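Enquirer:
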Amino acid sequence: MKKEIILIILAGGKSSRMGFPKGLLKYNNNFWLLSQIENFIGDDIFIGLGFDYQLYFDAIPWLKKAIETPQKYQQKKVRVVINKTPEFGLFSTLQSVLKVIESTKYKKEVLILPIDIPMLKKSELEKIISTKNQIVIPTYKNKNGHPVKLTQPFWKSLLELNITDKNARLDIQIKKRNASEISLAEINDASILKNLNTPKDWQAFNS
925 MKKEIILIIL AGGKSSRMGF PKGLLKYNNN FWLLSQIENF IGDDIFIGLG FDYQLYFDAI
985 PWLKKAIETP QKYQQKKVRV VINKTPEFGL FSTLQSVLKV IESTKYKKEV LILPIDIPML
1045 KKSELEKIIS TKNQIVIPTY KNKNGHPVKL TQPFWKSLLE LNITDKNARL DIQIKKRNAS
1105 EISLAEINDA SILKNLNTPK DWQAFNS
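Just so we're aligned, residue 925 is where the sequence shown starts under the working numbering, counting upward by one.
Below you can see the structure in the form of structure tokens.
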């Protein structure tokens, strides 16, 4: 099951409220980004970087190599994509990564995980992966969160959007789909709702 899916970690934002690139925060004697990779149950990972890509390369030098050639980390294959227009927001980073995935001729489903949301443990993540539909959204106590799973037909449709379009947002595109194409996966972990955007959020998460 796990080999059928690609994880996309979106880490292209400014992290202005945190004041520091979120993926480079220290967590369990490691970088937060690397802990996210380690906790993923699959083998294929794409990381979308943007504003702070050079800081990521300085801290984790092998990430730069992963732009041209997949790099092995903890038995996982990791690739990096630089979003050249990060000022257009999260969706522009997602599009940048999806364009590269499409060029590789992958026909896999993808999991979308913003860098500021913790990776689920294996049993909970498998609930999302095993749910079959065009779009699968994890939910906790009737609140939707991440990571969201997308099949290839849906994620390819996202590439057709102009990044300057006001509707160039994943949530808007999901809302436009027929309800029959969307499934909710009940998750027993409130972390799908977290947004670790500020030092206060980070301190509370680690306390």
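Ideal Cβ placement from N, Cα and C applies to all residues, glycine included. Just so we're clear, the structure is a prediction, and the values are computed from it rather than from any experiment.
#1: Less than 8 Å between C-beta atoms, sequence neighbours within five positions excluded: which residues of the same chain meet that for Met925?
#2: When the Cα atoms are used, what is the spatial distance from Ile965 to Lys1046?
#3: How about Gly974 and Gly937: do their beta carbons lie closer than 9 Å?
#4: Can you tell me which of Asp1113, Val1005 and Tyr1064 puts its alpha carbon nearest to the alpha carbon of Lys1023?
#5: Do you know offhand how far Ser1104's Cα is from Ala983's?
#6: Let's test the definition: count the other Cβ atoms within 10 Å of the Cβ of Arg1003 and tell me whether it reaches 16, buried, or not, exposed.
#7: Considering only their Cβ atoms, is the gap separating Ile1061 from Ile1098 smaller than 9 Å?
#8: Looking at the strands, I want to know which residues DSSP matches up with Phe970.
#9: The alpha helix (DSSP H) that contains Ala1109, what's its start and end?
#10: To the nearest angstrom, how far is it from the Cα of Gln995 to the Cα of Asn1112?
#11: Let me know if Gln1058 comes out buried or exposed under the rule of 16 or more other beta-carbons within 10 Å of its beta-carbon.
#12: Considering Ile1061, what are the terminal residues of the beta strand (DSSP E) in which it resides?
#13: Do you know offhand how far Ile929's Cα is from Tyr997's?
#14: Helix, strand or coil: which one does DSSP assign to Leu1035?
#15: For Ile1116 versus Gly1069, is the C-beta distance shorter than 9 Å?
Expert: This is what the structure holds:
#1: Model confidence at Met925 stands at a pLDDT of 46, short of 50, so the residue's coordinates are unreliable and nothing is read from them.
#2: 6 Å
#3: yes
#4: Val1005
#5: 44 Å
#6: buried
#7: yes
#8: Ile932 and Arg1003
#9: Ala1109 -> not in any alpha helix (DSSP H); beta strand (DSSP E) instead, spanning Ile1106 to Glu1110.
#10: 33 Å
#11: buried
#12: Ile1059 to Tyr1064
#13: 17 Å
#14: strand
#15: yes
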